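First up is the structure itself, then whatever we jot down about it.
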Amino acid sequence: MYDIIIIGAGVSGAAAARELSRYQAKICVLEKEEDVCCGTSKANSAIVHAGYDAAAGSLKAKLNVRGNELMGRLSEELDFPFQRIGSLVLCFQEADLPKLQALYQRGIENGVPKLRILDREETLRLEPNLSEDTFASLYAPTAGIVCPFELNLALAENAYANGTKFQFHTEVQSIERLEKGYLLHTSRGELRTRYVVNAAGLYGDEIHNMVSQKKLKLTARRGEYCLLDKTAGTHVRRTIFPLPDKMGKGILVTPTVHGNLLLGPTAVNTEDKEGVNTTLEGLALVSERAARSVKNLPVRQVITSFAGLRAHEEGDDFIIEEVSDAKGFFDCIGIESPGIASCPAIGERVAALLQKEMDLKKKDHFISARKGRLNPNALSFAERNALIRKQPAYGNIICRCEMISEGEILEAVRRPLGAKSLDGVKRRTRSGMGRCQGGFCSPKVMEILAREQQTGLQEITKSGGSSKLLAGTNKDAF
Amino acid sequence: MKNYDIVIIGGGPAGLAAAISARESKIESILILERDRELGGILNQCIHNGFGLHTFQEELTGPEYADRFICQVEEKNIAYKLNTIVLDITSEKVITAMNREEGLFQTQAKAVILAMGCRERPRGALNIPGYRPAGIYSAGTAQRLVNMEGCLPGREVVILGSGDIGLIMARRLTLEGAKVQAVAELMPYSGGLKRNIVQCLNDYDIPLKLSHTVIDIQGKKRVEGVTLAAVDAQGKPIPGTEEHYACDTLLLSVGLIPENELSRGMGVELNSVTSGPKVDESLETSLEGVFACGNVLHVHDLVDFVSAESAAAGRNAAAYVKGELPGRASVKKLFLRHGEGVRYTVPETICPERMDEELTVRFRVSRVYQSCYISAYFDHERIRHKKRQIMAPGEMEDIKLTKEELLKYPDRKQITIMIEEG
Numbered sequence: 001m002y003d004i005i006i007i008g009a010g011v012s013g014a015a016a017a018r019e020l021s022r023y024q025a026k027i028c029v030l031e032k033e034e035d036v037c038c039g040t041s042k043a044n045s046a047i048v049h050a051g052y053d054a055a056a057g058s059l060k061a062k063l064n065v066r067g068n069e070l071m072g073r074l075s076e077e078l079d080f081p082f083q084r085i086g087s088l089v090l091c092f093q094e095a096d097l098p099k100l101q102a103l104y105q106r107g108i109e110n111g112v113p114k115l116r117i118l119d120r121e122e123t124l125r126l127e128p129n130l131s132e133d134t135f136a137s138l139y140a141p142t143a144g145i146v147c148p149f150e151l152n153l154a155l156a157e158n159a160y161a162n163g164t165k166f167q168f169h170t171e172v173q174s175i176e177r178l179e180k181g182y183l184l185h186t187s188r189g190e191l192r193t194r195y196v197v198n199a200a201g202l203y204g205d206e207i208h209n210m211v212s213q214k215k216l217k218l219t220a221r222r223g224e225y226c227l228l229d230k231t232a233g234t235h236v237r238r239t240i241f242p243l244p245d246k247m248g249k250g251i252l253v254t255p256t257v258h259g260n261l262l263l264g265p266t267a268v269n270t271e272d273k274e275g276v277n278t279t280l281e282g283l284a285l286v287s288e289r290a291a292r293s294v295k296n297l298p299v300r301q302v303i304t305s306f307a308g309l310r311a312h313e314e315g316d317d318f319i320i321e322e323v324s325d326a327k328g329f330f331d332c333i334g335i336e337s338p339g340i341a342s343c344p345a346i347g348e349r350v351a352a353l354l355q356k357e358m359d360l361k362k363k364d365h366f367i368s369a370r371k372g373r374l375n376p377n378a379l380s381f382a383e384r385n386a387l388i389r390k391q392p393a394y395g396n397i398i399c400r401c402e403m404i405s406e407g408e409i410l411e412a413v414r415r416p417l418g419a420k421s422l423d424g425v426k427r428r429t430r431s432g433m434g435r436c437q438g439g440f441c442s443p444k445v446m447e448i449l450a451r452e453q454q455t456g457l458q459e460i461t462k463s464g465g466s467s468k469l470l471a472g473t474n475k476d477a478f
Numbered sequence: 001m002k003n004y005d006i007v008i009i010g011g012g013p014a015g016l017a018a019a020i021s022a023r024e025s026k027i028e029s030i031l032i033l034e035r036d037r038e039l040g041g042i043l044n045q046c047i048h049n050g051f052g053l054h055t056f057q058e059e060l061t062g063p064e065y066a067d068r069f070i071c072q073v074e075e076k077n078i079a080y081k082l083n084t085i086v087l088d089i090t091s092e093k094v095i096t097a098m099n100r101e102e103g104l105f106q107t108q109a110k111a112v113i114l115a116m117g118c119r120e121r122p123r124g125a126l127n128i129p130g131y132r133p134a135g136i137y138s139a140g141t142a143q144r145l146v147n148m149e150g151c152l153p154g155r156e157v158v159i160l161g162s163g164d165i166g167l168i169m170a171r172r173l174t175l176e177g178a179k180v181q182a183v184a185e186l187m188p189y190s191g192g193l194k195r196n197i198v199q200c201l202n203d204y205d206i207p208l209k210l211s212h213t214v215i216d217i218q219g220k221k222r223v224e225g226v227t228l229a230a231v232d233a234q235g236k237p238i239p240g241t242e243e244h245y246a247c248d249t250l251l252l253s254v255g256l257i258p259e260n261e262l263s264r265g266m267g268v269e270l271n272s273v274t275s276g277p278k279v280d281e282s283l284e285t286s287l288e289g290v291f292a293c294g295n296v297l298h299v300h301d302l303v304d305f306v307s308a309e310s311a312a313a314g315r316n317a318a319a320y321v322k323g324e325l326p327g328r329a330s331v332k333k334l335f336l337r338h339g340e341g342v343r344y345t346v347p348e349t350i351c352p353e354r355m356d357e358e359l360t361v362r363f364r365v366s367r368v369y370q371s372c373y374i375s376a377y378f379d380h381e382r383i384r385h386k387k388r389q390i391m392a393p394g395e396m397e398d399i400k401l402t403k404e405e406l407l408k409y410p411d412r413k414q415i416t417i418m419i420e421e422g
């Protein structure tokens, strides 16, 4: 019997888990995939928006501004990459200036600090590679970029360190209401809990509808992206947006915390909640629209493209509340952009709701800090040599594009909530994320995983489940 | 910090040949730095035969070919370090490297030979749409899994790109028990050697679909199928020509990229067509005392030519160390221009006074040519006119120039290589 079960180990679920782990409660996070950060949280723009986009008074506006404010300290506490690089919304003609001003006004109402409207010259001085058509811009110095994998993982690891259980490969299939609490039927058996937090991302509507008569529907809204090599990483220094439209914030151009350049996303609704495929049209649109904002984009430097799905709710706002006809069942759904920016505040809000409801007491020894994995590149020559003498695996480079050593991969596998697959290693260490996209390192990482899991190469997967990388051995068909 | 006369970055075919010829040119202090667990580079996974026809007049497998060079390196006691990654080279030729035993260390070289080879273009570089499941491999990665680990990456295979590794892997996978359904090629001609089309596809009834590409990849966890479509002259898919192939694997053999991150880092100027360093007749890059050879310089089809080119780089580096290579500033420089039908030339400049008696200029043509001539003009005068029955971008061409003829006219400035109709 748990006190709280959180469904979903994306950023929302992990942030809720981390904040709830401050209290004396028995908590378990259920995740249908093999790892944290497998859905919307892993494929998005990774932007910590300033907070001027969402309608004044909306939960999105409130949590975005609060989340942005919290992100700096959180990134220090939990040791994940976050850079407050600022953002610019561009306007290309005088006629659109009122739209920019409206955005500015909304930002002021939402409480976004330091917003300024810049004229063409000021804008181009900040970013010389912007389009010649630039007329003016809205500058938000508080906007930032984050590593979404590391953010998600840091929250989850810290929750784990504070006693939260994580159960992977566990899909909730139906929920029964008990006199006190709920009985969850999962792909791995039954679980009882007094309270439920529904942070199931795109499936949040289905989980909600298992307990409530007030049906909800989430729409998967696909966004396609192109990632450019690090040689293009400084083409712009800030996140560059066009003016937003009704489908979202438009196609942005931004540096990433790892020094690549990211273009995207498109916004197309799809019926398929696993429909993370890219399309000819989508990728073409990304390049075309990105080139409207930024000139001379080195699109030949694309090293990969990908798509993510936003969980869009018709009311166009986050839903974070107790379900009115299901006592003790809390929704945390409709978390689309600015979800990454808001997640520290989402965690805070979920925890506050449950604390009040359950009258939770604080733990005496909450561990607030988490140390990230060792980054040998941050060490001095002498420190790195001392490390290699103690642990020679740090002297053995596996991924030559990103210069990731065996030591770093071993740590990623051996840590609590460690990597189990090629993608798990990639998200944690960046091995395979460079310009050759795993061409050289994949077989080596597979070997390390097989050794660590004491299994054969044949069992190693790309991303868990049926994603096996090999089909068999030579001539086994004869 | 240890000092060496010549440090060679990479112990593949290029690095090995360069080391041997530098030693034969009486350089004692040589170090090869190799990032993999053994010398020989990519040859170690090329277990098919066909190597060495030019160099040894016999057909060897990749490992056998490499072994001939490795044996010489051992016999000549040339120093090398394995499992050693080079992190950085400064323009002053200070090399920072790392391995398990020594940790990080630095060496100072008088001359550096860049011989890092190349890597395969990944899917992302082509922006192929679709899902990103398991079962998408570059041909070289699949080759390593099959030939070195004994693992079969898939059973029903479609290959995109008709580069040589893709063709070789079509045959290899067939022999290991997989079914290769088709090889699709974006261009109207193959990117590989003619002999590989015959021996790897035709002999096994594997269809080669020219002017076709992959426009979709299906399967959420593992590849379940791909969609091919014909493309127009601009390479754009033609609606209505889509064909679906049910398969569990997609191999990509869509080009090789010289791996010049270290070169760029030290300030070596690169050629935008080859993605390799700009070099002169001595294979010396824009940085004095820094030489380049093999696939890091430009992608070759035949390792035999890599060996020949790299031997020259080794000789020239040795001459540089011994002070026998005249400084570039002190001698006359000719420009090599690539004219009609020629995509690039290696080298790009020639100092006749620094060259050997004969110099091989290597280049690729920009499309398929039949019954045409390779011509070389020394300013206005045509000095070569060589008939070729067939030329294709997939097969490297060369032309030889002599020191004597280039020294004959001190006023002339430029050599142009071009393709001319009969």
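Just so you know, the protein sequences line up as chains X and E, in that order.
Heads up: the first sequence begins at 1 in the working numbering, then just goes up one per residue.
Heads up: the second sequence begins at 1 in the working numbering, then just goes up one per residue.
No residue lacks a Cβ here, since even glycine has one placed at the ideal position from N, Cα and C.
Note that the structure is a prediction, hence the values are computed from the model and not measured.
C-alpha distance - residue i paired with residue j, whole-angstrom precision
i                      : j                      : result
residue 431 of chain X : residue 449 of chain X : 13 Å
residue 495 of chain X : residue 2 of chain X   : Given that chain X is displayed from residue 1 to residue 478, the structure contains no residue 495 of chain X and the question cannot be resolved.
residue 395 of chain X : residue 388 of chain X : 6 Å
residue 454 of chain X : residue 420 of chain X : 12 Å
residue 207 of chain X : residue 307 of chain X : 24 Å
residue 243 of chain X : residue 117 of chain X : 13 Å
residue 304 of chain E : residue 54 of chain E  : 6 Å
residue 164 of chain E : residue 253 of chain E : 8 Å
residue 407 of chain X : residue 81 of chain X  : 20 Å
residue 379 of chain X : residue 104 of chain E : 11 Å
residue 15 of chain E  : residue 157 of chain E : 34 Å
residue 52 of chain X  : residue 102 of chain X : 10 Å
Cβ pair residue i, residue j closer than 8 Å
i                      : j                      : result
residue 66 of chain E  : residue 84 of chain E  : no
residue 262 of chain X : residue 45 of chain X  : yes
residue 235 of chain X : residue 294 of chain X : yes
residue 62 of chain E  : residue 34 of chain E  : no
residue 462 of chain E : residue 393 of chain E : As shown, chain E starts at 1 and ends at 422. That puts residue 462 of chain E outside it, with no answer to give.
residue 133 of chain E : residue 216 of chain E : no
residue 231 of chain E : residue 250 of chain E : no
residue 112 of chain E : residue 78 of chain E  : no
residue 170 of chain X : residue 188 of chain X : yes
residue 72 of chain X  : residue 84 of chain X  : yes
residue 159 of chain E : residue 80 of chain E  : no
residue 278 of chain E : residue 288 of chain E : no
Interface residues of chain A facing residue i [CB-CB closer than 7 Å]
i                      : result
residue 154 of chain E : The chain inventory of the structure shown lacks chain A, comprising the protein chains X and E.
Chain X contact for residue i (CB, 8 Å cutoff)
i                      : result
residue 391 of chain E : no
residue 243 of chain E : no
residue 382 of chain E : no
residue 248 of chain E : yes
residue 98 of chain E  : yes
Along the stretch 62-87 of chain E, what residues have a CB closer than 8 Å to any CB found in chain X? 83, 85 and 87
To test your reading of the DSSP string, which unbroken beta strand (DSSP E) runs of 3 or more residues are found completely within the stretch 8-36 of chain E? 30-33
Give me the subset of the stretch 131-150 of chain E whose CB atoms are less than 7 Å from a CB atom of chain X, sorted by chain position. 131, 132, 133, 134, 138, 140, 141, 144, 145, 146, 149 and 150
Whole runs of the alpha helix (DSSP H) within the stretch 389-417 of chain X, excluding any shorter than 4 residues: 406-414
Quick one: complete alpha helix (DSSP H) runs, 4+ long, within the stretch 230-317 of chain E? 261-266
Output the residue ranges of the alpha helix (DSSP H) runs that lie fully inside the stretch 99-142 of chain X and measure 4 residues or longer, sorted by chain position. 120-126
Within 9 Å of chain X by C-beta, residues of the stretch 100-112 of chain E in sequence order: 100, 101, 102, 103, 104, 105 and 106
Could you tell me which whole beta strand (DSSP E) segments of length 3 or greater appear in the stretch 333-378 of chain E? 334-338, 342-346, 358-365 and 369-378
For the stretch 448-477 of chain X, list every residue whose C-beta sits within 8 Å of some C-beta in chain E, in sequence order. 457, 458, 461, 462, 463, 465, 466, 467, 468, 469, 470, 471, 472, 473, 474, 475, 476 and 477
Members of the stretch 29-48 of chain E near chain X, C-beta cut-off 9 Å: 35
Ranges of the alpha helix (DSSP H) found wholly within the stretch 183-230 of chain E, counting only runs of at least 4: none
Using a Cβ-Cβ cut-off of less than 9 Å, give me the residues of the stretch 199-215 of chain E that come near chain X, in sequence order. 215
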